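Chains G and D, in that order, are what the protein sequence lines are.
Going by my numbering, 63 is the number at position 51 of the first sequence; the sequence numbering is gapless.
Going by my numbering, 20 is the number at position 8 of the second sequence; the sequence numbering is gapless.
Just so you know, even glycine gets a beta-carbon here, dropped at the ideal spot from N, CA and C.
Given the structure is predicted, the values throughout are model-derived calculations rather than measurements.
Data block below; observations after.
Protein chains: 2
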Amino acid sequence: MKIAVDAMGGDLAPQAIIEGAIQAATELPSDAKIILIGNENIIKDVFKGYGDVPSCIDIVHAEDVIKMGEHPTKALSQKPNSSIAIGFKLLKEKEVDIFCGAGNTGAMHVGALFSIKAIEGVLRPAIAGFVPQLGGGHAIMMDIGANADCKPEVLAQFGELGSLFAQYTFQLSKPRVALMNIGEEEQKGSLTAQATYPLLEQNKKINFIGNIEGKDLFTNKADVIVTDGFTGNILFKMGESLYEIAKKRGIKDDFIDQTNYEAIGGSPIVGVNGNVMIAHGVSTPLAIQNMIGWAYKQVKSKAFLHIAQALN
Amino acid sequence: MKIAVDAMGGDLAPQAIIEGAIQAATELPSDAKIILIGNENIIKDVFKGYGDVPSCIDIVHAEDVIKMGEHPTKALSQKPNSSIAIGFKLLKEKEVDIFCGAGNTGAMHVGALFSIKAIEGVLRPAIAGFVPQLGGGHAIMMDIGANADCKPEVLAQFGELGSLFAQYTFQLSKPRVALMNIGEEEQKGSLTAQATYPLLEQNKKINFIGNIEGKDLFTNKADVIVTDGFTGNILFKMGESLYEIAKKRGIKDDFIDQTNYEAIGGSPIVGVNGNVMIAHGVSTPLAIQNMIGWAYKQVKSKAFLHIAQALN
Chain G
13 MKIAVDAMGG DLAPQAIIEG AIQAATELPS DAKIILIGNE NIIKDVFKGY
63 GDVPSCIDIV HAEDVIKMGE HPTKALSQKP NSSIAIGFKL LKEKEVDIFC
113 GAGNTGAMHV GALFSIKAIE GVLRPAIAGF VPQLGGGHAI MMDIGANADC
163 KPEVLAQFGE LGSLFAQYTF QLSKPRVALM NIGEEEQKGS LTAQATYPLL
213 EQNKKINFIG NIEGKDLFTN KADVIVTDGF TGNILFKMGE SLYEIAKKRG
263 IKDDFIDQTN YEAIGGSPIV GVNGNVMIAH GVSTPLAIQN MIGWAYKQVK
313 SKAFLHIAQA LN
Chain D
13 MKIAVDAMGG DLAPQAIIEG AIQAATELPS DAKIILIGNE NIIKDVFKGY
63 GDVPSCIDIV HAEDVIKMGE HPTKALSQKP NSSIAIGFKL LKEKEVDIFC
113 GAGNTGAMHV GALFSIKAIE GVLRPAIAGF VPQLGGGHAI MMDIGANADC
163 KPEVLAQFGE LGSLFAQYTF QLSKPRVALM NIGEEEQKGS LTAQATYPLL
213 EQNKKINFIG NIEGKDLFTN KADVIVTDGF TGNILFKMGE SLYEIAKKRG
263 IKDDFIDQTN YEAIGGSPIV GVNGNVMIAH GVSTPLAIQN MIGWAYKQVK
313 SKAFLHIAQA LN
């Protein structure tokens with residue numbers, strides 16, 4: 013298995029990315045290789061600070077970098093030798109099994125749509141956030157930022173995509189799918205939420221349990237939380253902030269520790285023909301290390317192949 | 013000052029409401045009276061368990077009750093002798109200075125719109141949630157549930173209404189107004205958020221500081237948080253859930269204690285010609301006690317009069 017990582021993406025790149033990869037290399041099963049994509053000289057320079065570089069790390073040279081503020085589509089077409097463009101080229105050509113990056117989120121998302129493309133039948137791929145649950149494990153929330161505006165049929169499909177993803181990622185036979193809403197009753201919510209409810213209810217391929225509310229985010233009511241990328245992003249970032257608040261206030265708690273974004277390190281794009289994980293711009297070495305660990309599990313789960321089979 | 017409270021509204025009514033009123037009575041300044049609205053016999057029966065009833069509590073009889081699940085508009089027209097209908101009648105006739113209730117939220121909101129009505133020029137009154145801030149004090153978030161779907165001009169006006177409300181409630185000369193969004197840059201967000209940003213920016217009557225993200229909810233970046241009633245409700249309820257989570261996990265922290273809905277006990281409707289506070293359906297005596305304390309401050313602030321003056 014080859015796990016490609018954008019060495020140049022993220023506020024703390026390349027240092028934090030390379031350090032995270034080196035840490036991950038010590039834990040990965042022996043069938044895994046890490047491919048660092050970026051400027052070879054810079055990466056080798058950073059390596060010098062870490063003694064012997066694990067043999068399971070390879071470098072693929074990329075001359076260029078897409079910066080955080082750049083327009084995704086423009087940058088991708090103007091910089092074919094950027095680490096993100098090369099990462100997706102390798103992924104498309106099946107030279108690597110997954111591409112992970114903490115750089116320009118828009119470019120990572122657009123790059124996935126333009127290279128490996130959406131699975132046939134998928135209206136809008138989404139970024140799936142792992143939300144820690146009281147009592148252990150995670151729910152996935154879709155979308156957490158790729159699609160700020162979603163039509164009811166898009167949200168309804170998130171329910172199905174999320175259910176398949178959760179089934180193969182968490183080994184659940186019937187993941188509980190819920191719609192994030194402002195009340196438990198069917199008729200509650202925005203016009204979009206009201207129109208989404210019956211679509212989810214009518215879909216016999218999923219185990220739809222109805223609406224959940226903001227207070228239920230962490231309470232293990234659902235395995236798949238359906239929401240648009242606007243509400244989902246705001247809610248997800250609020251959840252992640254709890255760890256920072258707790259740290260500053262000297263609160264030590266196992267569950268709150270799980271809200272630390274570093275604990276998972278990345279969020280997969282669900283609905284595309286391949287494995288992509290997007291990490292925080294501020295990713296630390298620990299975050300990158302844990303993302304690579306999850307990346308291994310995601311490749312093993314073959315979730316995207318199962319989704320494609322189920323839809324087609 | 014007369015503070016009217018719906019004695020029959022809420023899951024734990026009338027017991028919890030009456031007990032909360034009795035507790036509040038011991039703390040209220042001497043110029044305040046509490047008017048409990050509800051079935052006189054039932055209220056007097058509950059009083060028996062509490063020895064001498066404070067002289068500052070009066071009862072106004074209401075024969076009927078609007079239940080939690082009832083359709084707001086229908087219930088209000090069919091039950092003119094319900095505690096909610098009578099509360100708004102008294103408020104409209106200026107027999108009381110504020111009406112507070114933990115009953116059917118829709119009926120409380122519709123009752124306000126039908127009786128004291130929206131202030132001239134206000135597009136959509138909103139429910140303002142008090143969000144505790146690290147470092148002390150509160151921000152208000154508008155809307156937290158009255159308007160699930162909001163047009164940009166409605167959101168922009170929330171900024172202005174919220175600014176005036178915060179100015180007089182928190183004695184701030186230039187409240188910081190922020191738009192809840194999925195990124196800090198102006199062009200980020202849903203189509204609605206993108207269209208709202210310039211409207212807020214162009215309004216010279218407010219101190220617009222730009223977008224904030226979910227991670228900023230508690231971090232004292234803004235005094236007024238503008239959002240639609242869908243996202244706002246979900247975010248607010250998630251925030252309130254932290255106290256319950258912390259309590260179950262044995263976490264003791266002053267700030268997290270402030271996320272307990274009981275700490276404020278109610279949320280005002282902003283943009284109507286009078287003072288209305290809406291409490292949680294599950295309100296405990298402590299929540300009702302604290303809501304009555306806030307109700308006193310709200311009446312003293314004359315915020316709704318200042319809003320009407322500023323708009324007209």
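Subject >> Nearest-angstrom Cα separation, counted from residue 319 of chain G out to residue 302 of chain G >> reply: 24 Å
**OP:** Mind listing the chain C neighbours of residue 136 of chain G? Cutoff is C-beta to C-beta under 7 Å, in chain order.
**Re:** Absent from the structure is chain C; the protein chains it does hold are G and D.
Original post:
What's the call for residue 62 of chain G, buried or exposed, on a 16-neighbour Cβ count within 10 Å?
Top reply: exposed
Original post:
Within the chosen definition, does the region 127-137 of chain D reach the region 112-119 of chain D through at least 3 CB pairs nearer than 8 Å?
Top reply: no
Subject >> Contact set between residue 203 of chain G and chain D, taken where Cβ atoms lie within less than 9 Å >> reply: 160, 161
**OP:** Taking 8 Å as the cut-off, decide whether the C-beta atoms of residue 187 of chain D and residue 236 of chain D are in contact.
**Re:** yes
Original post:
When the Cβ atoms of the region 233-249 of chain G are set against those of the region 177-192 of chain G, are three or more pairs found closer than 8 Å?
Top reply: yes
**OP:** For my contact list, residue 100 of chain G and residue 124 of chain G are in at a C-beta cut-off of 8 Å; report their separation, rounded to the angstrom.
**Re:** 7 Å
**OP:** Tell me where the beta strand (DSSP E) around residue 118 of chain G begins and ends.
**Re:** Per DSSP, residue 118 of chain G belongs to no beta strand (DSSP E); it is in the alpha helix (DSSP H), 117-126.
Original post:
Leaving out five residues before and five after residue 172 of chain D in sequence, what residues of the same chain have Cβ atoms less than 7 Å from its Cβ?
Top reply: 215, 217, 218
Original post:
Can you give the Cα-Cα distance for residue 51 of chain G and residue 294 of chain G, rounded to whole angstroms?
Top reply: 20 Å
**OP:** Label residue 70 of chain G either buried or exposed according to how many other C-beta atoms from any shown protein chain fall within 10 Å of its C-beta, with 16 as the threshold for buried.
**Re:** exposed
Original post:
Got a sec: is the Cβ-Cβ distance from residue 245 of chain D to anything in chain G below 8 Å?
Top reply: yes
Original post:
In or out: residue 31 of chain G buried (at least 16 other Cβ within 10 Å) or exposed?
Top reply: buried
Subject >> Beta bridge counterpart(s) of residue 222 of chain G as assigned by DSSP >> reply: G:190
**OP:** Please report how far the alpha carbon of residue 28 of chain D lies from the alpha carbon of residue 287 of chain G, in whole angstroms.
**Re:** 54 Å
**OP:** Alpha carbon to alpha carbon, how far is residue 126 of chain G from residue 257 of chain G? Give it in angstroms, no decimals.
**Re:** 38 Å
Original post:
Of the residues that make up the region 199-233 of chain G, which ones have a beta carbon closer than 9 Å to any beta carbon in chain D?
Top reply: 200, 201, 202, 203, 204, 205, 206, 225, 226, 227, 228, 229, 230, 231
**OP:** In the DSSP assignment, find the beta strand (DSSP E) that holds residue 258 of chain D and state where it starts and stops.
**Re:** That residue, residue 258 of chain D, is in no beta strand (DSSP E); its alpha helix (DSSP H) goes 241-260.
Original post:
Would you say residue 157 of chain G faces chain D, with C-beta separation under 8 Å as the test?
Top reply: yes
**OP:** Would you kindly work out how many angstroms separate the C-alpha atoms of residue 260 of chain G and residue 272 of chain G, rounded to a whole number?
**Re:** 13 Å
Subject >> Whole-angstrom C-beta distance between residue 40 of chain D and residue 308 of chain D, which should lie under 8 Å >> reply: 6 Å
**OP:** Under 8 Å Cβ to Cβ from residue 55 of chain D, same chain only, skipping five residues before and after it: list those, please.
**Re:** 19, 26, 30, 48, 71
Original post:
Does any CB atom of chain G fall closer than 8 Å to the CB of residue 274 of chain D?
Top reply: no
**OP:** Check whether the Cβ atoms of residue 151 of chain G and residue 177 of chain G lie closer than 8 Å to each other.
**Re:** no
Original post:
On the three-pair Cβ rule with 8 Å, is the region 217-234 of chain G touching the region 194-214 of chain D?
Top reply: no
Subject >> Buried/exposed call for residue 210 of chain G, threshold 16 Cβ in 10 Å >> reply: exposed
**OP:** Compute the Euclidean distance between the alpha carbons of residue 161 of chain G and residue 64 of chain G, then round it to the nearest angstrom.
**Re:** 48 Å
Original post:
Who are the near neighbours of residue 146 of chain G in its chain, counting only those whose CB is closer than 8 Å to its CB and skipping five residues on each side?
Top reply: 230, 231, 232, 267
Subject >> Contact with chain D by residue 290 of chain G, beta-carbon distance below 8 Å >> reply: no
Original post:
Cα-Cα, which of G:16, G:280, G:270 is closest to residue 98 of chain G?
Top reply: G:16
Original post:
In terms of DSSP beta bridges, what is residue 48 of chain G paired with?
Top reply: G:17, G:71
**OP:** My understanding is that residue 252 of chain D touches residue 227 of chain G, with C-beta atoms under 8 Å, so please give their C-beta distance in whole angstroms.
**Re:** 6 Å
**OP:** State the Cα-Cα distance for the pair residue 170 of chain G and residue 120 of chain G, rounded to the nearest angstrom.
**Re:** 19 Å
Original post:
So is residue 261 of chain G in contact with chain D if we call contact Cβ pairs under 8 Å?
Top reply: yes
Original post:
What does a CB cutoff of less than 7 Å around residue 206 of chain D pick up in its chain, not counting 5 residues either side in sequence?
Top reply: 199
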